[in-house]
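In terms of this note's numbering, the sequence shown has 277 at position 100, counting the first letter as 1, and numbering is strictly consecutive.
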Amino acid sequence: LQLYTLREAAKDDFPAVLKAVADIGYVGVEFAGLQGHDPKEIRKLIDDLGLKVSSSHTGLPTAENIGQLADTELILGNKKIISGFGPDQFKTVDGVKAAAEKFQTAADLVKPFGMTYGFHNHWWEFHSVDGKQVYDILMAEAPDVFSELDVYWCAYGKADPAKVVSQYKSRLPV
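See the structure below:
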């Protein structure tokens, strides 16, 4: 379960949200922040609840933040870091390539920590720029990056989710 879905309830009582998620029967969660809680506290709670961490949606890993980001994610037991960009980065082919370079750099930064990096899409990654689909450019230009394919946004962007999954299945671990 992507905990971003429960972000409003999590702001009020994050431990209670995690307990409810476990009680419903979910076995894995993707974090979208810790709502101000200490990572060690949250790790103990998810262990006690029998939950696993599938991934975390965080800020983009950079040279400036990789130490703190990696420390937090390793405490949580997470090996998959996910972020993304807004539509402004994807208005030109050069902009898309610059975004892909940042994604690839993020993948390179997390690798020494035993982690992988991926991006979460919205509809704008399925629009074309100069006759090329943004998503395809990102995947070609950032070969060590995985995709957390959001099939709703893929379809909303007028792409065929089944076709995208078929084409990129080896790079869609979550």
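Note that CB positions come from ideal geometry on N, CA and C, so glycine has one too.
| Asked | Found |
| --- | --- |
| Cα separation between residue 260 and residue 201? | 27 Å |
| Taking all protein chains shown into account, decide if residue 204 is buried (16 or more other Cβ within 10 angstroms of its Cβ) or exposed. | exposed |
| Measure the C-alpha to C-alpha separation of residue 330 and residue 339 and round it to an integer number of angstroms. | 13 Å |
| Need the endpoints of the beta strand (DSSP E) that residue 196 sits in, please. | Segment 184 to 201 is the alpha helix (DSSP H) holding residue 196; no beta strand (DSSP E) there. |
| Return the chain-ordered list of same chain residues with a C-beta closer than 8 Å to the C-beta of residue 266, the five sequence neighbours on each side being excluded. | 272, 273, 275 and 276 |
| Verify whether the separation of the beta carbon atoms of residue 180 and residue 206 is less than 7 Å. | yes |
| How long is the line joining the alpha carbons of residue 347 and residue 299, rounded to whole angstroms? | 20 Å |
| Check each candidate in 254, 336, 222 and 217 and name the one with the smallest Cα separation from residue 233. | 254 |
| Keeping to the same chain, check which residues put their C-beta closer than 6 Å to that of residue 349; ignore five residues upstream and five downstream. | 324 and 326 |
| Who pairs with residue 205 in a beta bridge, going by DSSP? | 229 |
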